[in-house]
Structure formats: structure tokens, C-alpha cells
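In the UniProt record's numbering, the protein residues as written are 1 to 153.
Idealized CB from N, CA, C, for every residue including glycine.
Working notes for the structure below.
Here it is, written out as C-alpha cells:
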């Protein structure tokens, strides 16, 4: 962000954003090659550009059978999301809040394309959860833990 002139946002400089993003994607791919998530058997990704021109990737990773997480506790150790500390790093906190959280939706954005009959069609906002809860379809649920076939107990 230091390279973007004052008065401009990331949306004003997709050239810089795309280059930095490409470098970060390369670093993520290198991490996968170095087994940061355990041994990767296969991976595939698709790069997309939003209407504003900013890139993102959908990445699917297939772990070696013996390295697949089998419990919610292992999943929670591998995957987590916490907001940065607002007091210690206000710029990072603001970036995450504005760029990485689904929106806009809800009562204040009734005309957003993701809204229908006063509700977000994507199910946002989702309730926060301290632990992973899985259904038989692999989606998060808010009720008591549901047994998942295939070893997720």
C-alpha cells in the first residue's frame, strides 16, 4: 500500500495490486510444495477478477490419504481466522474488515444484489464459532455437533 499515491485506493491501481497479489499467490504455492499443510497429493486453482478488477483465487488442495485431518480438533489447528488486534495494528484491522469480510448485506444494504426478501442469499452474516462443526454435507452448522461419515468424529 505504500506504493499507492495518497488519495488513491487499491481499486485505483489494479496494476500494483495484481502484481503484489501474484507474488503472494506464488508464495502460497511454494508453501504447498513444501508441505506446510501436510503432504499435498494434488492441487488446482482458478484465478478470477472481480468487477472492480481485483484478483482472487479458488484453490482446491487434496492431501495424501494419511495426512487428511480426521477430527474437528485437527481441522481447527490447520484452519482458523482471527481478526487482527485493532489497537496493535489498526491499518491491518481496517484492511481485513473492509476487504476480507463478506458484504455488504443486512438491514443497511437491502438493495444489495445478494439480498432477497430482506435476507442475504449467501447466508451471511454467519454466526461466529470457536470450533469447527460439520454436517454430513461438510457445511458448518450452528446446532450441536453432527457426526460426519468417513471418520470426522
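For a test of the three-state rule: what should DSSP assign to residue i, helix, strand or coil?
| i | result |
| --- | --- |
| residue 43 | strand |
| residue 11 | helix |
| residue 17 | helix |
| residue 25 | helix |
| residue 5 | coil |
| residue 66 | helix |
| residue 133 | coil |
| residue 116 | strand |
From residue i to residue j, what distance separates their C-alpha atoms?
| i | j | result |
| --- | --- | --- |
| residue 24 | residue 47 | 13 angstroms |
| residue 99 | residue 4 | 16 angstroms |
| residue 75 | residue 36 | 14 angstroms |
| residue 89 | residue 66 | 39 angstroms |
| residue 16 | residue 34 | 27 angstroms |
| residue 127 | residue 82 | 14 angstroms |
| residue 113 | residue 129 | 27 angstroms |
| residue 68 | residue 133 | 17 angstroms |
| residue 28 | residue 21 | 10 angstroms |
| residue 92 | residue 12 | 19 angstroms |
| residue 30 | residue 80 | 20 angstroms |
| residue 152 | residue 70 | Because the pLDDT of residue 152 is 38, which lies under 50, any placement of that residue in the model is unreliable, and the number read from its coordinates should be weighed accordingly. Distance between the alpha carbons of residue 152 and residue 70: 5 angstroms. |
| residue 95 | residue 19 | 18 angstroms |
| residue 7 | residue 39 | 44 angstroms |
| residue 84 | residue 125 | 19 angstroms |
| residue 97 | residue 32 | 27 angstroms |
Am I right that residue i and residue j are in contact with their C-beta atoms under 8 angstroms? What's the rounded C-beta distance?
| i | j | result |
| --- | --- | --- |
| residue 45 | residue 58 | 6 angstroms |
| residue 10 | residue 54 | 7 angstroms |
| residue 72 | residue 61 | Wrong, their Cβ atoms sit about 19 angstroms apart, outside the cutoff. |
| residue 123 | residue 110 | No, residue 123 and residue 110 are not in contact; Cβ-Cβ is about 16 angstroms, not under 8 angstroms. |
Tell me which residue opens and which closes the alpha helix (DSSP H) that residue i is part of.
| i | result |
| --- | --- |
| residue 78 | 72–78 |
| residue 92 | 90–99 |
Let's see if you can read the secondary structure: which residues bound the beta strand (DSSP E) around residue i?
| i | result |
| --- | --- |
| residue 83 | Note, residue 83: premise wrong, no beta strand (DSSP E); not H, not E. |
| residue 36 | First-last for residue 36: undefined, no H or E at that position. |
| residue 61 | 55–63 |
Please confirm whether any heavy atom of the ligand ADP lies closer than 8 angstroms to the CB of residue i.
| i | result |
| --- | --- |
| residue 17 | Of the ligands one can find in the structure shown there are none, so the ligand ADP has no counterpart to examine. |
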